[in-house]
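Beneath this line is the structure, given in structure tokens, with notes to follow.
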Amino acid sequence: MRTIVYDTGALLAAERRNPDFLALHDELTAAHIRPLVPVVVLAQAWRGGPQHQISRVLKGCDVLPDDQRTGRAAGVACGASGTSDVVDAIVVATAVQYQAAVVTSDPDDLTHLADSIGVKLRLFTV
7 MRTIVYDTGA LLAAERRNPD FLALHDELTA AHIRPLVPVV VLAQAWRGGP QHQISRVLKG
67 CDVLPDDQRT GRAAGVACGA SGTSDVVDAI VVATAVQYQA AVVTSDPDDL THLADSIGVK
127 LRLFTV
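Add 6 to a position in the sequence shown, counting from 1, and you land on the number used in my numbering.
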């Protein structure tokens, strides 16, 4: 696996100390794989306060700023799928751009977005 994208559900799993997610994250970082976190995912998960577990996980990740390319690809995915969830669409666009798998708690919505633009995603559900 080259890399992996975390969606909001992955960060919330970290905050809940989900053992499956934490084990996966530790395996990835031990293999020198830095998961990607689109900045909108961080914004959706972050609610202030210490959020120690999210902070711990983010130390081993690359937080990606959104750019025009990603925004356009996400917009196309929203239009094709009939959804307005730009955060999920940005996760899909990022995964496609980096040829990455996705860790999610919402596989159905991500699959719908990916199918609507003719791509298959490898998903890990937490």
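Where is the CB? At the ideal position from N, CA and C, for every residue including glycine.
If you're wondering where the values come from, they're calculated on a predicted model, not measured in any experiment.
Taking every protein chain shown into account, the CB of P44 has 16 or more other CB atoms within 10 angstroms, so this residue is buried. In the DSSP assignment, T76 forms no beta bridge with any residue.
Residue environment for P71: exposed (fewer than 16 other C-beta atoms within 10 angstroms of its C-beta). Taking C-beta separations shorter than 7 Å and ignoring five residues to either side along the sequence, the partners of D26 in its chain run V132, following chain order. Note on G55: under 16 other CB atoms within 10 angstroms of its CB, so exposed under the neighbour-count rule. Here V97 is not near V63, since their CB atoms are 8 Å or more apart.
Spanning the alpha carbons of R53 and E21 requires a straight line of approximately 11 Å. A direct Cα-Cα distance of roughly 9 Å separates I60 from R23. In terms of Cα proximity to C84, the closest of A120, H58, V109, Q57 is A120.
G88 counts as exposed, since fewer than 16 other beta carbons sit within 10 angstroms of its beta carbon.
In terms of Cα proximity to V93, the closest of A106, G77, Q103 is G77.
Cβ-Cβ distances below 7 Å link G15 to T110, S111, D112, V132 in the same chain, with the five nearest sequence neighbours on each side left out; the list follows chain order. Distances from the alpha-carbon of T9 to those of A99, A79, H38 put H38 closest.
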